[in-house]
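J.:
There are 2 protein chains.
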Amino acid sequence: MRIYGDSKSGNCLKVKWTAEFLGQPYEWIETDIMVGESRTPDFLALNPAGQVPTVILDDGRPLAQSNAIILHLAEGSELIPEDAYERARMLEWLFWEQYSHEPYVAVVRFQVKYQGKPVTEVEPRLVERGKAALQRLEDGLAASSFLVGERLSLADVALVAYTRMAEHGGFRLADYPRVQAWIGRVEQALDIQDPV
Amino acid sequence: MRIYGDSKSGNCLKVKWTAEFLGQPYEWIETDIMVGESRTPDFLALNPAGQVPTVILDDGRPLAQSNAIILHLAEGSELIPEDAYERARMLEWLFWEQYSHEPYVAVVRFQVKYQGKPVTEVEPRLVERGKAALQRLEDGLAASSFLVGERLSLADVALVAYTRMAEHGGFRLADYPRVQAWIGRVEQALDIQDPV
Numbered sequence: 001m002r003i004y005g006d007s008k009s010g011n012c013l014k015v016k017w018t019a020e021f022l023g024q025p026y027e028w029i030e031t032d033i034m035v036g037e038s039r040t041p042d043f044l045a046l047n048p049a050g051q052v053p054t055v056i057l058d059d060g061r062p063l064a065q066s067n068a069i070i071l072h073l074a075e076g077s078e079l080i081p082e083d084a085y086e087r088a089r090m091l092e093w094l095f096w097e098q099y100s101h102e103p104y105v106a107v108v109r110f111q112v113k114y115q116g117k118p119v120t121e122v123e124p125r126l127v128e129r130g131k132a133a134l135q136r137l138e139d140g141l142a143a144s145s146f147l148v149g150e151r152l153s154l155a156d157v158a159l160v161a162y163t164r165m166a167e168h169g170g171f172r173l174a175d176y177p178r179v180q181a182w183i184g185r186v187e188q189a190l191d192i193q194d195p196v
Numbered sequence: 001m002r003i004y005g006d007s008k009s010g011n012c013l014k015v016k017w018t019a020e021f022l023g024q025p026y027e028w029i030e031t032d033i034m035v036g037e038s039r040t041p042d043f044l045a046l047n048p049a050g051q052v053p054t055v056i057l058d059d060g061r062p063l064a065q066s067n068a069i070i071l072h073l074a075e076g077s078e079l080i081p082e083d084a085y086e087r088a089r090m091l092e093w094l095f096w097e098q099y100s101h102e103p104y105v106a107v108v109r110f111q112v113k114y115q116g117k118p119v120t121e122v123e124p125r126l127v128e129r130g131k132a133a134l135q136r137l138e139d140g141l142a143a144s145s146f147l148v149g150e151r152l153s154l155a156d157v158a159l160v161a162y163t164r165m166a167e168h169g170g171f172r173l174a175d176y177p178r179v180q181a182w183i184g185r186v187e188q189a190l191d192i193q194d195p196v
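Protein chains in written order, with the working numbering: chain A, 1 to 196; chain B, 1 to 196.
1. Given a cut-off of 7 Å, decide if Ala133/A and Tyr104/A are closer than it, judged by their beta-carbon atoms.
2. Counting only the same chain and skipping the five closest in sequence on each side, list residues whose C-beta sits under 7 Å from that of Glu102/B.
3. Here's the rule: buried if 16 or more other CB atoms are within 10 angstroms of the residue's CB, otherwise exposed. What is Val119/A?
4. Can you grab the Cα-Cα spacing for the pair Pro195/A / Pro177/A, in whole Å?
5. Check the Cβ-Cβ distances between Tyr4/A and every residue of chain B, and say whether any is below 7 Å.
6. Does the region 9 to 18 of chain A come close enough to the region 49 to 68 of chain A that 3 or more CB-CB pairs lie under 8 Å?
7. Applying a beta-carbon distance threshold of less than 7 Å, which residues of chain B neighbour Ser100/A?
8. Under a Cβ-count criterion, where at least 16 other Cβ atoms within 10 Å of its own Cβ denotes burial, should Tyr114/A be classed as buried or exposed?
9. Helix, strand or coil for Arg125/B per DSSP?
10. Would you kindly work out how many angstroms separate the C-alpha atoms of Trp17/A and Met165/B, rounded to a whole number?
11. Going by the DSSP bridge assignment, what does Arg151/B pair with across the sheet?
12. Residues in the same chain with beta-carbon distance under 7 Å from Ala74/B, minus the five sequence neighbours each way, listed in chain order, please.
13. Assign Pro62/A to one of three DSSP states: helix, strand, or coil.
14. From Phe95/B to Pro62/A, what does the alpha carbon distance come to, in whole angstroms?
15. Provide the residue(s) that pair with Ile192/B in DSSP beta bridges, ordered along the chain.
16. Would you say Asn67/B faces chain A, with C-beta separation under 7 Å as the test?
17. Residues of chain B with a CB under 8 Å from the CB of Asp139/A: which are they?
18. List the residues of chain A that Tyr85/B touches, going by C-beta distances under 9 Å, in chain order.
19. Just to confirm my understanding: we take Glu150/A, look at its own chain, exclude 5 residues before and 5 after, and list those with CB closer than 8 Å. What are they?
20. Out of curiosity, what's the CA-to-CA distance linking Val148/A and Glu78/A?
21. Give the DSSP-derived three-state secondary structure of Val160/A in the structure shown.
22. Assign Gly5/A to one of two classes, buried (16 or more other C-beta atoms within 10 Å of its C-beta) or exposed (fewer than that).
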């Protein structure tokens, strides 16, 4: 499998961590979105949406969307709960991540860390919704060690990606102590070596 | 099953159409987001994210996120391809819908139709990205009748929801003839009776 990914992107790291956790060999092809490497004609032929991560599976077929990719890689593995309701709750977190977390926590981080915008100049609505997302995670971890019960699942893989980097965008993880402890648990369970 | 939904919301209609197609009985509880009915303490106890649709399954457990709900309802049905790669492509469309289509096509429609904003005053970036999403659908339908091959799947259910209403936001569906024909096919296959 080839993973076209940008190492700065939590969405791309999700795919790498899942492949490594499951012992699935891959070739990582660094694709720098800051210089348009996901918008070249060659790349658009792989993924017309021009987004990373994009993977080329072993049979040569492409697949995009980080959460769709990790669901595909992890089919039948311990990262997907066997119970139908727990699986549905995991999917709920995955869609919530892309709709209500990434567009705020990751986008604020991108503007501050990579576009050099002072935190005070970020659109307040983005910061507020990022904080609301972190608080929602804090609440979601009140009753269990991981997002879906007591076992690591793809919900944790997907949500930890940008949550562990939230301070790049000026969010204070110390305000969310359960989230902070959970980040450590997930990093350990996945054996994440990438620097924050 | 109880579906808490707002009839104005494509996200909510997806759930209704899936339940009807699969012959799963439900009670629809109209929940008007314009007057804050998804933000009351009672509602937040069902779904702390304060979003519709939220369903209460037959065993009394809640589930949120439209695409997670329809995946759960449709498990093992003809709406989910049996082939693993086709299933992954369907998931790719579902995540793309929430990240790259709904935030533009549905949000522009909401601002114009429900908040009374003239199309000319909508943030141009939203309109551009909405058009890009419609063009991506047009391209995606170049080789097949439905989004994943020749059979209706949840990808069509999810994408048709706001695409059929795109003109409310000033988008011109006549500019996307394959999309226009596909809307008709999907409406027929799902027996959609709701007015656009």
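Glycine included, C-beta positions come from ideal geometry on N, C-alpha and C.
T.: Taking the geometry as given:
1. As a first step, residue 104/A must be located in the first sequence, where it is residue number 104. As a first step, residue 133/A must be located in the first sequence, where it is residue number 133. Yes; because the gap between Cβ atoms is below 7 Å, this pair is in contact.
2. Within the second sequence, the letter at position 102 stands for residue 102/B. Contacts found: Tyr162.
3. As a first step, residue 119/A must be located in the first sequence, where it is residue number 119. Note on Val119/A: under 16 other CB atoms within 10 angstroms of its CB, so exposed under the neighbour-count rule.
4. By 1-based counting over the first sequence, the position of residue 195/A is 195. By 1-based counting over the first sequence, the position of residue 177/A is 177. Roughly 20 Å between the two C-alpha positions.
5. The count along the first sequence starts at 1 and reaches residue 4/A at position 4. Not closer than 7 Å to any Cβ of chain B, the Cβ of Tyr4/A fails to qualify, so no.
6. yes
7. Here residue 100/A is taken as the residue at index 100 of the first sequence, counted from 1. Going along chain B in sequence order, the residues near Ser100/A (Cβ under 7 Å) are Ala49.
8. Mapped onto the first sequence, residue 114/A falls at position 114. By the neighbour-count definition (other C-beta atoms within 10 Å, threshold 16), Tyr114/A is an exposed residue.
9. The residue labelled residue 125/B in the question sits at position 125 within the second sequence. Arg125/B falls in the helix class under three-state DSSP.
10. Here residue 17/A refers to the residue found at position 17 of the first sequence. Here residue 165/B refers to the residue found at position 165 of the second sequence. The alpha-carbon atoms of Trp17/A and Met165/B are separated by roughly 39 Å.
11. By 1-based counting over the second sequence, the position of residue 151/B is 151. Bridge partners of Arg151/B: none, in fact.
12. Along the second sequence, one-based indexing puts residue 74/B at 74. Cβ neighbours of Ala74/B beyond the five flanking positions: Thr18, Leu22, Ile80 and Leu154.
13. Numbered from 1 along the first sequence, position 62 holds the residue referred to as residue 62/A. Strand, per DSSP.
14. Counted from its first residue, the second sequence places residue 95/B at position 95. Counted from its first residue, the first sequence places residue 62/A at position 62. Whole-angstrom Cα-Cα distance: 16 Å.
15. The count along the second sequence starts at 1 and reaches residue 192/B at position 192. The partner list for Ile192/B (beta bridge, DSSP) is empty, contrary to what the question assumes.
16. Against the second sequence, residue 67/B aligns to sequence position 67. Output row for Asn67/B: interface = yes.
17. Reading the first sequence from its first residue, position 139 is the one you call residue 139/A. Here the neighbours are Pro48.
18. Translated into the one-based positions of the second sequence, residue 85/B becomes position 85. Around Tyr85/B, the beta-carbon contacts reaching into chain A at under 9 Å are Leu57, Asp59, Arg61, Leu63 and His72.
19. Sequence index remark: in the first sequence, residue 150/A carries index 150 (1-based). Here Glu150/A has Ser144 as same chain residues with Cβ atoms under 8 Å from its own Cβ, once five neighbours each way along the sequence are excluded.
20. As a working note, residue 148/A is residue 148 in the first sequence. As a working note, residue 78/A is residue 78 in the first sequence. Going by the C-alpha atoms only, they are around 12 Å apart.
21. To locate residue 160/A, count along the first sequence from 1; it is residue 160. The answer is helix: DSSP assigns Val160/A an H, G or I state.
22. To locate residue 5/A, count along the first sequence from 1; it is residue 5. Buried, because 16 or more other Cβ atoms sit within 10 Å of the Cβ of Gly5/A.
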